Amino acid sequence: MPEEVVKVSIGKEKYTTQIYAGNHHFIGDEPPEYEGADLGPAPYDFLLGSLGSCSAITIRMYADRKEWDLDKVEISLGMEKEKLEGTEFITHITRKVKLFGNLDEKQRERLLKIADACPVAKIMKNEIRIKSELIL
Numbered sequence: 003m004p005e006e007v008v009k010v011s012i013g014k015e016k017y018t019t020q021i022y023a024g025n026h027h028f029i030g031d032e033p034p035e036y037e038g039a040d041l042g043p044a045p046y047d048f049l050l051g052s053l054g055s056c057s058a059i060t061i062r063m064y065a066d067r068k069e070w071d072l073d074k075v076e077i078s079l080g081m082e083k084e085k086l087e088g089t090e091f092i093t094h095i096t097r098k099v100k101l102f103g104n105l106d107e108k109q110r111e112r113l114l115k116i117a118d119a120c121p122v123a124k125i126m127k128n129e130i131r132i133k134s135e136l137i138l
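So this is what it looks like as structure tokens:
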């Protein structure tokens, strides 16, 4: 059984969640159009943020190892669902990477490919199975 690394709780309020990850605490919520209080990012935002953060870190690690002159990485992400038959759909995520620094075109292309090598991207590109258990 995998180690629990994130815990989430919600009380009666719509729809503010308390999220604990190691020594960190943050809030998730829904925007007002979904009856939330907009006190934190929505669940889809966390998903995209996880991919973006992992991509940026992976790019930074690679550039540092190669001693490339990378000053900054900015990543913007978007997501939309394409409905198929019944309840099936395909999720399309767009990841736009902007690199700042004294890099040639070959280095830039390599860093873009490295974004796909981040662990979160690898997880998201494979089948994910979620097992839910009720704890008494």
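Using the working numbering, you'd call the opening residue of the sequence shown number 3 and step up by one each time. Built from N, CA and C at the ideal position, the CB exists for glycine as well. The structure presented is a predicted model; accordingly, all values stated were derived computationally and were not measured.
Among the candidates MET63, PHE91, LEU113, whose CA atom is the shortest distance from the CA of LEU101?
LEU113
So if DSSP puts ASP71 in a beta bridge, which residue, or which two residues, is it bridged to?
ASN104
Taking the C-alpha atoms as reference points, what is the distance between VAL10 and SER134?
14 Å
Rounded to whole angstroms, what's the CA-CA distance from ASN128 to HIS94? Just pull it up for me.
14 Å
State the Cα-Cα distance for the pair LYS98 and VAL75, rounded to the nearest angstrom.
10 Å
Per DSSP, cross-strand counterpart(s) of PHE28:
ILE21
As a quick exercise: from GLU15, ALA23, ILE12, pick the residue whose alpha carbon is nearest that of GLU5.
ALA23
May I have the straight-line CA-CA distance separating GLU69 from SER52, to the nearest angstrom?
25 Å
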